[in-house]
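> Have a look at the structure that comes next, please.
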Amino acid sequence: MTPGPLAPRDAAALWPLCLAIAERHRQGWPPAGPELPLAWSPAGGYALPPGWNADACTLFELLKPLLDRHEVDAGWTVGQLGQSLDGCIATHSGDSCFVNGPEGLVHVHRLRALCDAVIVGAGTAALDNPQLTTRRVTGPNATRVVLDPSLRVPATARVFHDDQAPTLLVCNEDRRAEAEARFGAARVVAVPRHTQAFCLALPDVVKALHARGLRRLFVEGGGVTVSEFVRQGCLDRLHLIVAPVVIGDGQRGLSVRPATAMRDALRPPARTFTLGQDVLWDMDLRAEAVPNPRL
Ligand SMILES: NC(=O)c1ccc[n+]([C@@H]2O[C@H](COP(=O)([O-])OP(=O)(O)OC[C@H]3O[C@@H](n4cnc5c(N)ncnc54)[C@H](OP(=O)(O)O)[C@@H]3O)[C@@H](O)[C@H]2O)c1
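If you want it as structure tokens, here you go:
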């Protein structure tokens, strides 16, 4: 009997290839290898050959900018926020379970699996007591990083006890001794105090994580933390996942330097992807701003 045409391969079949590319990044291997049935060129990065279905092609296009960043030393940082139509990431009391639908949550777990470290602010760590592990997709756990300059996250928080992945706590140099006494020296990353007294200098935080071999960084939230990464110019890309829900008076999502005139507003090149009922906006924060179309 003559075999029929092969069915197009789907997103589930593509995902292990994405993990294999991330592993090549981690190991510092060249981007192409015999186990990867994807073409790669210095100018165009990875390309999917024919034979993949529409879902696989969409997933590939969404992740391609991250997969193509293969430079061994440079590293990159991607942020995400899952938000309502009215720009909130949680209710006023801090409930964020769940702003996004299951497809959006799968995307967050994919980013955890592709990155070396997943970063959250003290607000999220204290309020949500999250695990920050990769559970909705196959893939490795990232190192968990909590930005906690005031040492307000309790030492009993799950990330410091569950032994599912390494966890680091980032604070200013002047709190190092206290942090080491509480969490152990191996877990503490101390950086010099920023000129703004309350603020961690994120370029120093990124440098310190790179020095520990953590070069692909995922800033998962919350709003204050992701906004500070944008303000300090430390994000390469931002994924805003907008859900068709209106929260009202909730926790603010992105909050950056206010523009007085529309011509001054941050307008990075952006692409959109449908994730179930949600729409993901992928913004390239390193590219030249898009001119205001009305000017
Ligand atoms: N929808 C989503 O995608 C999503 C994702 C994550 C979290 N959440 C929700 O977001 C809420 C928490 O978000 P949030 O915006 O209030 O807090 P957050 O961003 O999680 O944490 C903010 C705190 O982290 C510390 N921090 C972060 N970056 C810093 C920097 N550069 N310099 C100094 N300190 C820094 C500060 O702690 P100190 O104040 O102690 O100085 C800051 O107040 C929770 O309700 C959580 O459920 C939603």
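Using the numbering used here, count along the sequence shown one by one with no gaps and you end on 385.
For glycine and all other residues, C-beta sits at the position ideal for the given N, C-alpha and C.
None of the values given here were measured: they were computed from a predicted structure.
So, at 6 Å on beta carbons, what are the nonlocal neighbours of His182 in its own chain, with the 5 sequence-adjacent residues on each side left out?
Walking along the sequence shown from the start, residue 182 turns up at place 92. Around His182: Asp339 and Gly340.
> Which ranges would you report for the beta strand (DSSP E) in the stretch 234-314 if only whole runs of at least 3 residues count?
You should have 257-262, 278-281 and 306-311.
> Checking 7 Å against the spacing of the C-beta atoms, do Arg226 and His197 come in under that value?
For the purposes of this step, residue 226 is taken as residue 136 along the sequence shown, with counting starting at 1. For the purposes of this step, residue 197 is taken as residue 107 along the sequence shown, with counting starting at 1. No; because the gap between Cβ atoms is not below 7 Å, this pair is not in contact.
> What three-state label does DSSP hand His197 in the structure shown?
Counting from 1 along the sequence shown, the entry for residue 197 is found at position 107. Of the three classes helix, strand and coil, the one that applies to His197 here is helix, per DSSP.
> In whole angstroms, what is the alpha-carbon distance linking Phe392 and Glu270?
Shown here, the chain extends from 91 to 385; a query on residue 392 therefore has no answer.
> Output the distance between the C-alpha atoms of Arg242 and Arg277, rounded to the nearest integer angstrom.
Within the sequence shown, residue 242 is the residue found at index 152, counting from 1. Within the sequence shown, residue 277 is the residue found at index 187, counting from 1. Their backbone Cα atoms lie some 16 Å apart in a straight line.
> Within the same chain, show all residues whose beta-carbon is closer than 7 Å to that of Arg321, passing over the 5 residues directly before and after it, in chain order.
Against the sequence shown, residue 321 aligns to sequence position 231. The answer, listed in chain order, is Val346 and Arg347.
> Are the beta-carbon atoms of Leu304 and Thr233 separated by less than 7 Å?
As a working note, residue 304 is residue 214 in the sequence shown. As a working note, residue 233 is residue 143 in the sequence shown. Yes, the pair counts as a contact, with Cβ atoms nearer than the cut-off.
> Say the cut is 6 Å; is the CB of Gln221 nearer than that to a heavy atom of ligand 1?
Sequence index remark: in the sequence shown, residue 221 carries index 131 (1-based). Checking the Cβ of Gln221 against ligand 1 gives no.
> Is the separation between the beta-carbon of Glu134 and that of Arg99 shorter than 7 Å?
On the sequence shown, position 44 is the one that residue 134 refers to. On the sequence shown, position 9 is the one that residue 99 refers to. First, the amino acid is wrong: residue 134 is Gly here, not Glu. Cβ atoms of Gly134 and Arg99: not closer than 7 Å.
> Is Arg116 helix, strand or coil when you go by DSSP?
For the purposes of this step, residue 116 is taken as residue 26 along the sequence shown, with counting starting at 1. Helix.
> Does the distance between the C-beta of Val281 and the nearest non-hydrogen atom of ligand 1 fall short of 6 Å?
The residue given as residue 281 occupies position 191 in the sequence shown. No, the Cβ of Val281 stays beyond 6 Å of every heavy atom of ligand 1.
> May I ask which residues mark the beginning and end of the alpha helix (DSSP H) holding Leu156?
By one-based count along the sequence shown, residue 156 stands at place 66. That run of the alpha helix (DSSP H) goes Ala144 to Leu157.
> Compare the beta carbon distance of Asp326 and Arg376 with 7 Å and say whether it is the shorter of the two.
For this step, residue 326 is matched to residue 236 along the sequence shown. For this step, residue 376 is matched to residue 286 along the sequence shown. Contact: yes.
> Whole angstroms are fine: how far does the CA of Ala291 sit from the CA of Trp130?
Mapped onto the sequence shown, residue 130 falls at position 40. Mapped onto the sequence shown, residue 291 falls at position 201. Between Trp130 and Ala291, the C-alpha separation is close to 36 Å.
> State the DSSP-derived secondary structure class of Leu217, mapped to helix, strand or coil.
The sequence position of residue 217 within the sequence shown is 127, counting from 1. In this structure, Leu217 counts as helix in the three-state DSSP scheme.
> Can you tell me where the beta strand (DSSP E) holding Met352 begins and where it ends?
Against the sequence shown, residue 352 aligns to sequence position 262. Note, Met352: premise wrong, no beta strand (DSSP E); not H, not E.
> Which first and last residues belong to the beta strand (DSSP E) in which Gly172 is found?
Along the sequence shown, read from residue 1 onward, the residue named residue 172 stands at position 82. Its beta strand (DSSP E) spans residues Trp166 to Gln173.
> Enumerate in chain order the residues of its own chain whose CB-to-CB distance from Glu193 is below 7 Å, with the five nearest sequence positions on each side excluded.
Counting from one through the sequence shown, the residue named residue 193 turns up at place 103. Excluding positions up to five away in sequence, the list reads Leu365, Gly366 and Asp368.
> For Val208, list the residues DSSP reports as bridge partners.
For this step, residue 208 is matched to residue 118 along the sequence shown. Val208 is bridged to Arg234 and Phe308.
> Verify the contact flag: Arg242, CB atom, against every heavy atom of ligand 1, threshold strictly below 6 Å.
Working through the sequence shown from its first residue, we reach residue 242 at position 152. Flag set: Cβ of Arg242 near ligand 1.
> Suppose the cutoff is 6 Å on Cβ atoms and the five residues either side in sequence are ignored; what does the same chain contact list for Leu258 look like?
Looking up residue 258 in the sequence shown gives position 168. Answer for Leu258: Val235, Arg277 and Val279, listed in chain order.
> From Leu126 to Ala110, what distance separates their C-alpha atoms?
The residue labelled residue 126 in the question sits at position 36 within the sequence shown. The residue labelled residue 110 in the question sits at position 20 within the sequence shown. Going by the C-alpha atoms only, they are around 8 Å apart.
> Leu204 and Ala137 - do their beta-carbons sit closer together than 7 Å?
As a working mapping, residue 137 is identified with position 47 in the sequence shown. As a working mapping, residue 204 is identified with position 114 in the sequence shown. Contact flag unset, no.
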